[in-house]
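Numbering-wise (our numbering), the sequence shown opens with residue 1 and increments by one.
Glycine included, each C-beta is placed from N, C-alpha and C at the ideal position.
Inspection log for the structure reproduced underneath, given as structure tokens.
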Amino acid sequence: MSADLNIGILGCGYVGKAAAQSLQHQHCVTASTRRLNRIEELSTYATKVVLLEKSFDSLLEEQDILIVSVAPSQNDSYEQCYLETARAITQSIADYPRIKQIIYTSSTSVYGEHQGAWVDEDTEPKPSNKKTCILLETENTLLSLASETLSICILRLGEIFGPGRELINRFNSHERKIFPGSGENFTNLTPLRDIVQVINYAINNSLGGIYNLCLDEHPPRKLLYEQICKRNNFPVPLWDTQKQTIHVGNKRVLCDKIKLTGYSLPFQGLE
């Protein structure tokens, strides 16, 4: 696609703001929010900001690209945040034929449990709980819109880290932290910088389909945390196997598909 596109962003949280800030250097970016008190903040990241009310019409009109990067607030359920958003887009998109691409940031959690095996985009998802079932249904709802004139790009992200969400912030220099689980599950980490770069790449190359986006390194969580703590002279954490980890589904996510399209920036570096 050419430069100077109109790009709307639905969901201007950690990922959405970073994407807007990057894209506005080349495109006209419209951020969106349902809260009046966020308009001033978002205006520093985007070309303009619209206040959403009952529908998404004020955001969808005159856009060439729609980026959906929603995340639930304290008052939103997973279904309301993800699935109802996708259904609303499905009901409205025919009125906005100018939109040629929808990019949705999903999650590798839809793969579920694979006992540490490698998974890729051809692996059948095995969502293990209601939340991951909703995420997969959201993907499928948006993918149903794909046509010769509208490409749907699903980016399955791992555990996101970056500025303000550094891995080292999980630890304390004076206190030995205790984490739930055994720490034996493999990690699938996604740097914010890579998400932003791939969103730009997906737009420039009109990508459609499902693409994983994680680092090539998949150390077990226990090993990763020990390495970070030792490097920074922090107490090495302990693990409570009586408690269940919040990071469900043991698998190693492959990201070869996006690279086969010509994406050449390396997926590496835990810093």
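What would DSSP say about residue i, mapped onto helix, strand or coil?
{"i": "L142", "result": "helix"}
{"i": "N212", "result": "strand"}
{"i": "I246", "result": "coil"}
{"i": "L254", "result": "coil"}
{"i": "S264", "result": "coil"}
{"i": "C28", "result": "strand"}
{"i": "C12", "result": "coil"}
{"i": "S22", "result": "helix"}
{"i": "D120", "result": "coil"}
{"i": "R274", "result": "As shown, the chain starts at 1 and ends at 271. That puts residue 274 outside it, with no answer to give."}
{"i": "D194", "result": "helix"}
{"i": "T187", "result": "coil"}
{"i": "D4", "result": "coil"}
{"i": "T241", "result": "coil"}
{"i": "L36", "result": "helix"}
{"i": "L66", "result": "strand"}
Is it buried or exposed, residue i, if we count other Cβ atoms within 10 angstroms and call 16 or more buried?
{"i": "P237", "result": "buried"}
{"i": "S173", "result": "exposed"}
{"i": "E27", "result": "The amino acid occupying residue 27 in the given sequence is His; Glu does not appear at that position. Label assigned to H27: buried."}
{"i": "S73", "result": "exposed"}
{"i": "S58", "result": "exposed"}
{"i": "N212", "result": "buried"}
{"i": "R34", "result": "exposed"}
{"i": "L66", "result": "buried"}
{"i": "S77", "result": "exposed"}
{"i": "P97", "result": "exposed"}
Between the Cα of residue i and the Cα atoms of the options, which residue gives the shortest distance?
{"i": "L150", "options": "S264, L51 and I93", "result": "I93"}
{"i": "N6", "options": "R35, R231 and T47", "result": "T47"}
{"i": "L42", "options": "G16, G208, K177 and L136", "result": "G16"}
{"i": "E84", "options": "R193, I9 and E139", "result": "E139"}
{"i": "L36", "options": "T105, E53, Q21 and I102", "result": "E53"}
{"i": "C81", "options": "S32, T90 and G11", "result": "G11"}
{"i": "P127", "options": "S147, S106 and L143", "result": "S106"}
{"i": "A202", "options": "T245, Y263 and G164", "result": "Y263"}
{"i": "L142", "options": "P191, E62 and Q101", "result": "Q101"}
{"i": "P235", "options": "G208, T90 and F179", "result": "F179"}
{"i": "E62", "options": "T30, Q91 and I89", "result": "T30"}
{"i": "C214", "options": "G162, C255 and D4", "result": "C255"}
{"i": "I246", "options": "L192, R221, A71 and I103", "result": "R221"}
{"i": "Y336", "options": "E121, A18 and A146", "result": "Because the chain here runs from 1 to 271, residue 336 falls outside it and cannot be looked at."}
For the beta strand (DSSP E) containing residue i, name the first residue and the last one.
{"i": "L51", "result": "K48 to L51"}
{"i": "S107", "result": "Q101 to S107"}
{"i": "I154", "result": "S151 to L157"}
{"i": "F234", "result": "Neither: F234 is in no beta strand (DSSP E) and is coded neither H nor E."}
Step through the CB atoms of chain C and report whether any lies within less than 8 Å of the CB of residue i.
{"i": "L142", "result": "Although the question refers to chain C, the structure presented lacks it and comprises just one protein chain."}
Would you give the residue range spanned by the alpha helix (DSSP H) that residue i belongs to?
{"i": "D57", "result": "D57 to L60"}
{"i": "R221", "result": "R221 to R231"}
{"i": "I93", "result": "Note, I93: premise wrong, no alpha helix (DSSP H); not H, not E."}
Q. Hey, is the stretch 155-168 in contact with the stretch 195-207, meaning 3+ C-beta pairs nearer than 8 Å?
A. Counting Cβ pairs under 8 Å, three or more are found: they touch.
Q.
With three or more C-beta pairs closer than 8 Å as the rule, is the stretch 171-189 touching the stretch 243-251?
A. Yes: the two stretches touch, three or more of their Cβ pairs being nearer than 8 Å.
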